[in-house]
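One structure is given below, encoded as structure tokens.
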Amino acid sequence: MDDKLLQKLLAVQVSAGKPVEISVVGVSMNPTLYEGDSITVQRQAEYEIGDILVFTYKHDELLVHRLLEKRDGLYFCKGDNAFRLEDVPYERIIGKVTAVNGRSLPPCAPRLITLSMLVNRAFFRCRYDAEKTKQSSIYQLYQKVILRKEENIMVYQKNKSMEYIQSDETSLAVFDPESGDTHFFDEIGIDILGMLEEPCDLETLLQKLCAVYETSPDEIREDVEEFLQDTVSKKVVEVL
175 MDDKLLQKLL
185 AVQVSAGKPV
195 EISVVGVSMN
205 PTLYEGDSIT
215 VQRQAEYEIG
225 DILVFTYKHD
235 ELLVHRLLEK
245 RDGLYFCKGD
255 NAFRLEDVPY
265 ERIIGKVTAV
275 NGRSLPPCAP
285 RLITLSMLVN
295 RAFFRCRYDA
305 EKTKQSSIYQ
315 LYQKVILRKE
325 ENIMVYQKNK
335 SMEYIQSDET
345 SLAVFDPESG
355 DTHFFDEIGI
365 DILGMLEEPC
375 DLETLLQKLC
385 AVYETSPDEI
395 REDVEEFLQD
405 TVSKKVVEVL
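Letter 12 of the sequence shown, counting from 1, is numbered 186 in our numbering, and no numbers are missing.
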């Protein structure tokens, strides 16, 4: 059957309120979806961040990608195993994936959304060069946590809802507008928080610190773990 005819038939069936099953082609949604998986697609009145959408894109290409952001009337989607972000108007969305091989999809982890968006930003910074993007620290973290499903890894990020007041290179005050508390940090604390501007796991953070302070991970591991535990309890650092 012609691809365009298939798309029209799929859109008509889904618009009629009927769940429709189609097969996955390609690897852009690995490891959530694999080639040959049977997915159930159903029309929704609205779509939420984390939903996997089926839509037509530009040259009527049929894509099955995850919704990462909604802005200015557009739905921004990206494959879990892809780099490009697609901006999709509502009328091009055919439906949402509600089941895979007859089983309901588990909820989407919030950190998948955060890290996937950051991979796209790294792709942009690397001038759309996928190989260069793969060398970035954020992609390597995404690869470990999402693509390889190493779910026990803790991912840390500086809490950007705090107010950061730095008087010089060795003194930083962090004000929590919600609780009214203020926390103070020295030069090392400033360096660690700077490294946590983007999400980071403990091992990567230790490597970055070792490059600055000419030490070994084993020498600083306990102190860094204590710092993370303290700053997480104070909400200065978040766990994704």
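Beta carbons are placed, not taken as given, at the ideal position from N, Cα and C, and that holds for glycine.
Of Ile364, Phe298, Thr344, the smallest CA-CA separation from Glu260 is found for Phe298. The bridge partners DSSP lists for Gly269 are Val228.
Around the CB of Glu324, fewer than 16 other CB atoms lie within 10 Å, so the residue is classed as exposed. In the structure shown, Tyr302 adopts coil according to DSSP, grouped into three states.
In this structure, the alpha-carbon of Gln340 lies about 6 Å from that of Ala347.
Where Val262 is concerned, the enclosing beta strand (DSSP E) starts and stops at 260-263. Here Leu237 carries a strand assignment [DSSP, helix/strand/coil]. The beta carbon of Leu292 sits closer than 8 Å to the beta carbons of Ile312, Tyr316, Glu372, Pro373 from its chain, once the five residues preceding and following it are set aside; these are given in chain order. Rounded to the nearest whole angstrom, the C-alpha separation of Glu400 and Ala385 is 20 Å. For the pair Asp375 and Arg322, the Cα-to-Cα distance works out to about 15 Å. In the three-state reduction of the DSSP assignment, Val293 falls in the helix class, which pools H, G and I. Around the CB of Asn294, 16 or more other CB atoms lie within 10 Å, so the residue is classed as buried. Contact annotation: Tyr231 and Val271 have beta-carbon atoms that are not nearer than 8 Å. DSSP, reduced to helix, strand and coil, places Glu399 within a helical segment of the structure shown.
The Cβ atoms of Val198 and Leu184 do not sit closer than 8 Å to each other. With a cutoff of 8 Å on beta-carbon distance, Ala304 and Phe358 are scored as not near each other. Rounded to whole angstroms, the gap between the alpha carbons of Ile362 and Gln403 is 15 Å. Lys409 and Tyr330 have their C-alpha atoms some 11 Å from each other. Here Val215 is bridged, per DSSP, to Val194, Val271. Here DSSP, grouped into helix, strand and coil, assigns Thr389 to coil. The Cβ-Cβ distance between Leu367 and Lys332 falls below 8 Å.
Annotated three-state conformation of Leu184 is helix, per DSSP.
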